[in-house]
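Step one of this worksheet: look at the structure below.
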Amino acid sequence: MRYLRSTVKQKIRFGPGGDHQNEFGIYTDADWASDKTDRKSMSGGVGMFYGGPFSWAAKKQKSVATSSAESEYISQAMYAKQGQWAAQVLRDLGLHQYVNENGITVQMYGDNQGAIALVKNPHLHERSKHIDICYHFIRDLAEQKKLQISYIPTDEMVADGMTKPLQRVAFERFKKMLGVIDEGH
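According to the UniProt record's numbering, the sequence shown is numbered sequentially starting from 1.
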């Protein structure tokens, strides 16, 4: 209750002035093998539009990942679906400037170079042949130019706060990245 009382005047800012003010993007992260009982990873994703989050989620992965790259790849595949849906909504609303002429290009961000390589290079078969086929559709989206994924350093990763508990300073930084501000600003 104390936390809720202390945040009653905070709000999410959309528009100029935020860290991600003129973009539509999906940020994904994973915390590899974080559950000590079953060693399943935690996935987190945040969809940002015009400086604020329009979608966010944290979900335990359904299978055990054998590496941090695999865990991140699974997370990227999970949130690629959300990105495709959001791009379609933007197109339906006539906001074509945020998506390509077909209305389906989604910019995603990840902080694991190995996972990004798995998306961009389907020839890395030896490293990924054991990954469930349901996650490989993200490669298809990338090949069709419906999705682009770029590297972003961990300290700029908006979704980082969705996968693990944060200390106070890191939590305040996470809120700032989400566009949370005090009402007086």
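Ideal placement from N, C-alpha and C gives every residue a C-beta, glycine not left out.
> Can you round the beta-carbon distance between G83 and G47 to whole angstroms, since I take them to be within the 8 Å contact cut?
Replying inline: 7 Å
>> Within 8 Å, do at least three Cβ pairs link the segment 1-15 to the segment 38-52?
In response: yes
> Can you tell me whether E70 is buried or exposed, with buried defined as 16 or more other CB within 10 angstroms of its CB?
Replying inline: buried
>> Less than 6 Å between C-beta atoms, sequence neighbours within five positions excluded: which residues of the same chain meet that for G161?
In response: F174
>> If I follow the unbroken alpha helix (DSSP H) through W32, where does it start and stop?
In response: Unbroken run through W32: none, as it is neither H nor E.
> Apart from the five residues on each side of it in sequence, which residues of its chain come closer than 6 Å, Cβ to Cβ, to M78?
Replying inline: S43
> Going straight from the alpha carbon of I26 to that of M1, what length do you get?
Replying inline: 31 Å
> How should S41 be labelled, buried or exposed, when 16 other C-beta atoms within 10 angstroms of its C-beta is the threshold for buried?
Replying inline: buried
> Rounded to whole angstroms, how far is the Cβ of D35 from the Cβ of K60, which I believe are closer than 8 Å?
Replying inline: 7 Å
>> Tell me the residue span of the alpha helix (DSSP H) that contains Y79.
In response: S68 to D92
> What is the DSSP secondary structure of L166, counted as helix, strand or coil?
Replying inline: coil
> If Y151 sits next to L118, beta carbons under 8 Å apart, how far is it from one beta carbon to the other, in whole angstroms?
Replying inline: Incorrect: roughly 13 Å between the Cβ atoms, too far for contact.
> Does the beta-carbon of N112 have 16 or more other beta-carbons within 10 angstroms, so that it is buried, or is it exposed?
Replying inline: buried
> Helix or strand or just coil, what does DSSP make of V106?
Replying inline: strand
>> Suppose the cutoff is 6 Å on Cβ atoms and the five residues either side in sequence are ignored; what does the same chain contact list for A58 look like?
In response: G44 and M162
> Count the other CB atoms within 10 Å of the CB of K164; is the residue buried (16 or more) or exposed (fewer)?
Replying inline: exposed
> Alpha carbon to alpha carbon, what distance is there between Q97 and K120?
Replying inline: 25 Å
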